[in-house]
Amino acid sequence: MSDTVDAAWFAQTLTDRTIRGIAIETSALIRAGALPVGTKLPPIRDLAFALGISPATISEAWSELRRQKIITGRGRNGTWVSGDRFVAKPERLGSSGRYGADVLDLTSAVPDVRLLPKLAEAMAYGASAENLNSYERSRILPELEEAVRKTWPYEPEAYLATNGGYNAVYTLIQALVMPGASVAIEDPTAMRLLDILEDRGVRIIPVQCDREGPLPSSLEAAMKLRPVAFIFQPRLHSVTGQSLSSERLQRLGDILEGTDTLIVEDDGIADISTAPRHSLGGRFADRTIHILSYSKTHGPDLRLAVMSSSRAIVEQIQSYRSFSAGWTSRILQAATAWLLRDPATQTSLQRSRDIYFQRRADLVDALVERGIEAQHGSGLCAWVPVASEPFGMVTLAARGIAVHPGAKFSILPSAHLRVATAMLSDRVNDVAESIALAAKPG
Numbered sequence: 001m002s003d004t005v006d007a008a009w010f011a012q013t014l015t016d017r018t019i020r021g022i023a024i025e026t027s028a029l030i031r032a033g034a035l036p037v038g039t040k041l042p043p044i045r046d047l048a049f050a051l052g053i054s055p056a057t058i059s060e061a062w063s064e065l066r067r068q069k070i071i072t073g074r075g076r077n078g079t080w081v082s083g084d085r086f087v088a089k090p091e092r093l094g095s096s097g098r099y100g101a102d103v104l105d106l107t108s109a110v111p112d113v114r115l116l117p118k119l120a121e122a123m124a125y126g127a128s129a130e131n132l133n134s135y136e137r138s139r140i141l142p143e144l145e146e147a148v149r150k151t152w153p154y155e156p157e158a159y160l161a162t163n164g165g166y167n168a169v170y171t172l173i174q175a176l177v178m179p180g181a182s183v184a185i186e187d188p189t190a191m192r193l194l195d196i197l198e199d200r201g202v203r204i205i206p207v208q209c210d211r212e213g214p215l216p217s218s219l220e221a222a223m224k225l226r227p228v229a230f231i232f233q234p235r236l237h238s239v240t241g242q243s244l245s246s247e248r249l250q251r252l253g254d255i256l257e258g259t260d261t262l263i264v265e266d267d268g269i270a271d272i273s274t275a276p277r278h279s280l281g282g283r284f285a286d287r288t289i290h291i292l293s294y295s296k297t298h299g300p301d302l303r304l305a306v307m308s309s310s311r312a313i314v315e316q317i318q319s320y321r322s323f324s325a326g327w328t329s330r331i332l333q334a335a336t337a338w339l340l341r342d343p344a345t346q347t348s349l350q351r352s353r354d355i356y357f358q359r360r361a362d363l364v365d366a367l368v369e370r371g372i373e374a375q376h377g378s379g380l381c382a383w384v385p386v387a388s389e390p391f392g393m394v395t396l397a398a399r400g401i402a403v404h405p406g407a408k409f410s411i412l413p414s415a416h417l418r419v420a421t422a423m424l425s426d427r428v429n430d431v432a433e434s435i436a437l438a439a440k441p442g
């Protein structure tokens, strides 16, 4: 079916004239079959006139349905019903293809499980955590707060334990940022951060980066759009492997001076980084949210990150959490506190940091030898420039190697491949040779 639904009929069917109401009622009509897949919706201006409301209201409602993949199209070409079921999922996180068992999968920039610390003693200790099994919605165990405070990059008013770094970002975005608001974020960035923002329906303002971090000129341009938040990685960039310099952080702070924009610092790589920890929290304690995840250093099944901010912001985020988990497992909090105090764990972390650094360096060295302008740094992956992402992906796939296209990590046009290096302990020259062929068509 491709008939255009009559605007007058549609207007009579809709009882709610708000953005949310129009989106909900239209979605219900689609699910009920009253607007079958393939139906062309009336022009925005026609429907707005029939409803007696602004075309902008219809446009915003359609934007929400478009985000849910229920309708498609825009502008003069019209808008059609494209689906009758909304499935919430992180689109960027999805696989770039189906890989066979013989494919070298370099898509996942995750820690090598062989290099993570042993958890048996820590978990045994955690099983006797203070206030265990209480329904009290406490923000953080005192012993975990004491352990993290020793190396925290500034002195905040309050801490909050969360169920991992991305859970921290997701929760604060849900609690503090309204749909339709503008959020500035460094570009490229972690694809899950973009998934979280896109799911929330915010307007994403990309801030370009160089080897030292977000570009001041790009952040200045972004601030003219009055974003409610600016999200960046305050130490090691998880995608590019570059570290934010203290000079650049100071410059970013100068630009953020005199604004009310929330400052969200997402330290997801944590102590895999060789760079020192720093934060804008010392300058803007009332609106800085600093997040440190322990997934990549101590293990993803600890499901733990710690967030700091002003007491008012932490209370607001904790209040929102009451809709779901309410608090983070005291067993996992106590286990992490034990690991942070354990000398053997610190030795293990130093060893894993050195190994990750060398694995990444080996690939970058091999690429540079082949004329590819990859940048040295640290972390779990390399950000490799290519002439064409589709050509590069197909070329590597033909040679049994899977990577991610840079577009997954960017709002701006991208010409890169993200290559995971954390478990690339052999076949370095083979991979480098294949990437060199993939990077330069012809």
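Residue numbers (UniProt numbering): 1 to 442.
Just so it is clear, CB atoms sit at the ideal spot from N, CA and C, and this is done for glycine as well.
Every value quoted in this text rests on a predicted model; they were computed, and no experiment measured them.
Judged by beta-carbon spacing, Arg330 lies beyond the 8 Å limit of Leu160, meaning their Cβ atoms are not closer than that value.
In the DSSP assignment, the residues bridged to Ala382 are Val419. For the pair Arg360 and Ile411, the Cα-to-Cα distance works out to about 25 Å. As the crow flies, the alpha-carbon of Leu144 is around 18 Å from that of Ala120. In the three-state scheme derived from DSSP, where H, G and I count as helix and E and B as strand, Ala221 is classed as helix. In the same chain as Leu339, and ignoring 5 residues on each side of it, the C-beta atoms closer than 7 Å to its own belong to Pro117, Ala122, His298, Thr345, in chain order. The bridge partners DSSP lists for Thr72 are Trp80. Taken through DSSP and simplified to helix, strand or coil, Gly392 comes out as helix. Classified as exposed, Arg74 has fewer than 16 neighbouring CB atoms from the shown chains inside 10 Å of its CB.
The DSSP-derived three-state label of Glu212 is coil. The beta carbon of Ala109 lies closer than 6 Å to those of Leu380, Cys381, Ala420 in the same chain, with the five residues before and after it left out. Closest in alpha carbon position to Trp62, among Gly52, Pro43, Gly392, Ala50, is Pro43.
Pro206 carries a strand assignment under DSSP once its states are collapsed to helix, strand and coil. Within the DSSP secondary-structure output, Met307 pairs in a beta bridge with Leu160, Ile291.
As a beta-bridge residue in DSSP terms, Glu265 pairs with Phe232, His290. Counting along the chain, no alpha helix (DSSP H) covers Asp187; the unbroken beta strand (DSSP E) around it starts and ends at 182 to 187. Each residue's CA atom was taken as its position, placing Glu146 and Ala221 some 40 Å apart. Using a Cβ distance threshold of 8 Å, Gly377 and Gly241 count as a contacting pair.
It is roughly 20 Å from the alpha-carbon of Ser218 to the alpha-carbon of Ser238. Cβ-Cβ separation between Pro179 and Arg200: approximately 6 Å, consistent with a contact (criterion under 8 Å). Met223 is not a Cβ neighbour of Phe409, given a cutoff of 8 Å.
Excluding sequence positions up to five before and after Asp362, its CB lies within less than 6 Å of the CB of Val428, all in the same chain and listed in chain order. With contacts defined as CB atoms closer than 8 Å, Pro216 and Asp187 fail to qualify as a contacting pair. Annotated three-state conformation of Thr345 is helix, per DSSP. Asp286 and Leu194 have their alpha carbons spaced roughly 25 Å apart.
Between the stretch 167 to 178 and the stretch 148 to 155 there are fewer than three inter-stretch CB-CB distances shorter than 8 Å, so the stretches are not counted as touching. Closest in C-alpha terms to Asp16, from the list Ile30, Val5, Ile53, comes Ile53. With at least 16 other beta carbons inside 10 angstroms of its own, Gly126 counts as buried. Between Val394 and Thr107, the C-beta spacing is not below 8 Å. Relative to Leu292, the option among Asp266, Lys440, Pro390 whose CA is nearest is Asp266. Contact between Val384 and Ile401 does not hold, since the beta-carbon distance rounds to 12 Å and is not under 8 Å.
In this structure, Ser295 and Gly165 form a Cβ contact; the two beta carbons are roughly 6 Å apart against a cut-off of 8 Å.
Less than 8 Å divides the Cβ of Thr72 from the Cβ of Ser82. For Leu225, the closest of Glu198, Ala184, Thr336 by C-alpha to C-alpha distance is Ala184. Minimum Cα-Cα distance from Arg203 among the listed residues Glu64, Ser414, Ile24 corresponds to Glu64.
If you compare the alpha carbons of Lys40, Leu14, Thr288 with that of Ser279, the shortest gap goes to Thr288.
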